[in-house]
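The next block holds one structure in the form of structure tokens; read it before the comments.
In full-length UniProt numbering, the protein residues as written are 1 to 474.
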């Protein structure tokens, strides 16, 4: 019987199936492609990009630069970035120890080239050229390849928010929770339920996470002096644009130091403060800041001046008084969720007096505060958060007011644009976390405010309605 066979088989040659052959070819091509991409990536990392060249050119024109570190030096100083101190919108901060034995905070900027470059230049222009006891000091920097790092002085007592927003002995007395408060105090006596803000410092034993009034007033005054320096006394007028407790650090004596200049803007010193050229216009897509601390003009999109910092500072003052966040979702069933609105209501009901202060002050202070100082802080806060920028004092005037060297007239009624901002923040929070029902959200929004009922209905022209208030000068 004859059997047919292929020529290859007859000649003894092995054959490769077509599918296997295609797989081999594809594998080889993929390997070559990956090799090419790897080489390209390595070259891109090593070769200075456009932003790197621009940064180098930028640094060449800066005078009085702090020391420049190599990336390898900072890897060693931070033990390969192993001890995290905090993270923010522009980078992550690590504890480090320089070869000289100096403890530092190393900020590693995020890797987005455009944003990293802008933040780096902004902070080099500002922190690198300012020197004030209430502004964090820039000790050095690193610009190597795509890496951008900033080396700051180490501030040991963390940020203000870590101390203010403790739940220990909270001020819920005015919320009618005496039973819960007493239970917490009993737990503390037994060594349980302690605040997680009890921290251990190298220079002293464990500290309870409650700032005294003297410490709070010192923070208020020191922060005001730092901002006054930025606005009036350094080479160029600097608007910080992101004042909040998280950006106020406390040193070993609990003196404040303003930090994080990633958003700041500069205007020429020779310009008048009401000059339109000194107004910083921020588009919504580029607007930074922190909701709850940003001034109404940010929302309006009409541009801001240093009075935006004044507004944010005023919001911080409220939190120094109350020891709570100005927007507290846990109090959503009442309008007490927005502390500035609560403060305004208490003032209208009780007037400016000791009873008013006792109602608003952080319960953890247990009445231990200087009523004259706290009243000055309260009045300054209410002036600082006026809707119309021209109604707000300048920071140098704030310093004089807090020091008792400039009289403080009673502030006019607040218009509560900030309340509308708070409502929007809470609405977004509730909806995204499914905390409240639609009916509960509507209840939060039913507050009878003298302001328009939505942020969208606020227009720049409505600012003129405040002209009678604008006539008040300091």
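Built from N, CA and C at the ideal position, the CB exists for glycine as well.
For residue 384, the enclosing alpha helix (DSSP H) begins and ends at 371-384. For the pair residue 292 and residue 327, the CB atoms are nearer than the 7 angstroms cut-off. Taking C-beta atoms as the reference points, residue 66 and residue 125 fail to come closer than 7 angstroms. A direct Cα-to-Cα measurement between residue 402 and residue 316 gives close to 14 angstroms.
If you ignore the 5 residues before and after residue 318, its C-beta comes within less than 6 angstroms of the C-beta of 326, 339, 340 and 381, all in its own chain and listed in chain order.
Residue 358 and residue 367 do touch by the CB rule: their CB atoms are close to 7 angstroms apart, below 8 angstroms. Only exposed fits residue 28, as fewer than 16 other CB atoms lie within 10 angstroms of its CB. Judged by DSSP in its simplified three-state form, residue 319 adopts helix. In terms of CA proximity to residue 371, 214 leads the group 255, 214 and 290. Distance from the CA of residue 389 to the CA of residue 309, rounded to the nearest whole angstrom, comes to 10 angstroms. Counting along the chain, residue 234 sits inside no beta strand (DSSP E), nor does DSSP assign it H or E at all.
In the three-state DSSP reduction, residue 120 falls in the helix class (H, G or I). Secondary structure at residue 159: strand, using DSSP grouped into helix, strand and coil.
Between residue 234 and residue 127, the C-beta spacing is not below 7 angstroms. Around the C-beta of residue 96, 16 or more other C-beta atoms lie within 10 Å, and the residue is accordingly described as buried. Annotation: residue 150 to residue 346 spans about 45 angstroms, alpha carbon to alpha carbon.
Taking C-beta separations shorter than 6 angstroms and ignoring five residues to either side along the sequence, the partners of residue 230 in its chain run 238, following chain order. Between the C-alpha atoms of residue 152 and residue 258 there is a straight-line separation of about 12 angstroms. For the 7 angstroms CB-CB criterion, residue 104 and residue 154 form a contact. In the structure shown, the three-state DSSP call for residue 314 is helix. One thing to note: residue 311 has its Cβ no nearer than 7 angstroms to the Cβ of residue 210. Between residue 120 and residue 109, the CB-CB gap stays under 7 angstroms.
The C-alpha of residue 296 lies about 42 angstroms from the C-alpha of residue 70. Nearest in C-alpha terms to residue 414, of all of 56, 24, 244 and 344, is 344. The beta carbon of residue 160 is closer than 6 angstroms to those of 245 and 248 in its chain, skipping five residues each way along the sequence. Under the 10 Å beta carbon count, residue 405 is surrounded by fewer than 16 other beta carbons and is classified as exposed. Residue 403: not part of any beta strand (DSSP E); DSSP gives it neither H nor E. Excluding sequence positions up to five before and after residue 373, its CB lies within less than 7 angstroms of the CB of 217, all in the same chain and listed in chain order. Counting the other Cβ atoms within 10 Å of the Cβ of residue 222 gives 16 or more, which makes it buried. Just so you know, the alpha carbons of residue 94 and residue 82 end up roughly 7 angstroms apart. Residue pairing from DSSP places residue 87 in a beta bridge opposite 92.
Straight across, the Cα-Cα distance linking residue 224 with residue 85 is about 25 angstroms.
Secondary structure note for residue 391: it is in no beta strand (DSSP E), with a DSSP letter that is neither H nor E. With fewer than 16 other CB atoms across the displayed protein chains lying within 10 angstroms of its CB, residue 252 is exposed. By the C-beta density criterion, residue 24 is exposed, having fewer than 16 other C-beta atoms within 10 angstroms.
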